[in-house]
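Novice: Residue numbers (the working numbering): 1027 to 1260. One structure, as structure tokens, below. Some questions next.
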């Protein structure tokens, strides 16, 4: 907790600024410093801001024979094993203040997060043979919402909301909702540990029948032309 407030002291003003916060300024000065305190471990599960190289996105582009530039999430949370990034278990989208903060854009970001999560789940099942929970977050200015998705039905569940502080005047709201961030972070770390254990176990033994059965219920992501156009739009 002390480390989190040290980050706030260094990055947010005492009084809220009158200027609109762009996505880049919001990410660098508020979102990334605060959320990295909860979700970032450089050795085990680093969070990357801004992200430019999501493995799940690249797999989707190759599968669809799409030569255009992939629409990347603003943040990814990787799993590191043996000093190498193996899998992705968290994705994030951020919207700054200004003309881009519209309901349509925010809803498109939410749809993309669901697609990223679904593809990450399928990669985990096919590569490791076990089902795991993946995570995502969306910050519309300072309004943070966390989501999880479990395999099978691919339902994206809203699991908590927190108002991140733009200044020390709004820290009270942040403190009131900080339990949601702590709970989300603890579950994320727990799933990362389980996945790392599965990766090491897979190196020692071949896939068993149960892992093959898990692969059978992987479902194709919506692939209509209209949906592809929606997902890849920047």
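From the three backbone atoms N, C-alpha and C, an ideal C-beta is built for every residue, glycine too.
Classify residue 1178: buried if its beta carbon has 16 or more other beta carbons within 10 angstroms, exposed otherwise.
Specialist: The residue in question, residue 1178, is exposed, as its Cβ has fewer than 16 Cβ neighbours within 10 Å.
Novice: Using 8 Å as the cut-off, can you tell me whether the region 1157–1174 makes contact with the region 1110–1129, which would need three or more C-beta pairs spanning the two stretches below that distance?
Specialist: The answer is yes - the region 1110–1129 touches the region 1157–1174, with three or more Cβ pairs under 8 Å.
Novice: Do you know offhand how far residue 1246's Cα is from residue 1176's?
Specialist: About 15 Å.
Novice: Is residue 1173 buried or exposed, if buried means 16 or more other CB atoms sit within 10 Å of its CB?
Specialist: Answer is buried; the Cβ neighbour count reaches 16.
Novice: Can you have a look at residue 1151 and say buried or exposed, based on whether 16 or more other CB atoms are within 10 angstroms of its CB?
Specialist: The residue in question, residue 1151, is buried, as its Cβ has 16 or more Cβ neighbours within 10 Å.
Novice: Taking 8 Å as the threshold, find out whether the region 1032–1039 comes into contact with the region 1186–1199 through three or more Cβ pairs.
Specialist: At 8 Å Cβ cutoff, the stretches touch.
Novice: Could you tell me whether any Cβ in chain C is nearer than 8 Å to the Cβ of residue 1038?
Specialist: Absent from the structure: chain C. Only one protein chain is present.
Novice: Hey, out of 1135, 1137, 1131 and 1142, whose CA is closest to residue 1103's CA?
Specialist: With distances taken between Cα atoms, residue 1103 lies closest to 1142.
Novice: Is there contact here, the region 1037–1053 with the region 1103–1117, by at least three beta-carbon pairs under 8 Å?
Specialist: With the cut-off at 8 Å, the region 1037–1053 and the region 1103–1117 do not touch.
Novice: With a threshold of 16 other CB atoms inside 10 Å of the CB of residue 1100, please say whether the residue is buried or exposed.
Specialist: By the 10 Å Cβ count, residue 1100 comes out buried.
Novice: Go ahead and label residue 1144 buried or exposed: buried means 16 or more other beta carbons lie within 10 angstroms of its beta carbon, across all protein chains shown.
Specialist: The residue is buried, with at least 16 neighbouring Cβ atoms inside 10 Å.
Novice: Roughly how many whole angstroms lie between the Cα atoms of residue 1186 and residue 1208?
Specialist: Their backbone Cα atoms lie some 10 Å apart in a straight line.
Novice: Let me know the secondary structure DSSP gives residue 1103 once reduced to three states.
Specialist: Residue 1103 falls in the strand class under three-state DSSP.
Novice: Taking 8 Å as the cut-off, does the region 1060–1067 touch the region 1127–1138 (at least 3 CB pairs, one atom from each stretch)?
Specialist: No, the region 1127–1138 does not touch the region 1060–1067.
Novice: Which class does residue 1164 belong to by DSSP, given the choice of helix, strand or coil?
Specialist: Residue state, collapsed to three classes: strand.
Novice: Between the alpha carbons of residue 1048 and residue 1058, how many angstroms are there, rounded?
Specialist: For residue 1048 and residue 1058, the distance between alpha carbons rounds to 14 Å.
Novice: Within a Cβ cutoff of 6 Å, which residues of the same chain sit near residue 1188, ignoring the five residues on either side of it in sequence?
Specialist: Within the same chain, residue 1188 has close Cβ partners 1170, 1203, 1206 and 1207.
Novice: From residue 1074 to residue 1198, what distance separates their C-alpha atoms?
Specialist: Answer to the nearest angstrom: the Cα atoms are 28 Å apart.
Novice: Among all the DSSP beta bridges, which residues are the ones paired with residue 1170?
Specialist: Residue 1170 is bridged to 1165 and 1188.
Novice: Rounded to whole angstroms, what's the CA-CA distance from residue 1038 to residue 1228? Just pull it up for me.
Specialist: About 45 Å.
Novice: With a Cβ-Cβ cutoff of 8 Å, do residue 1105 and residue 1221 count as a contact?
Specialist: Yes. Within cutoff.
Novice: May I have the straight-line CA-CA distance separating residue 1200 from residue 1215, to the nearest angstrom?
Specialist: The straight-line gap from Cα to Cα measures roughly 22 Å.
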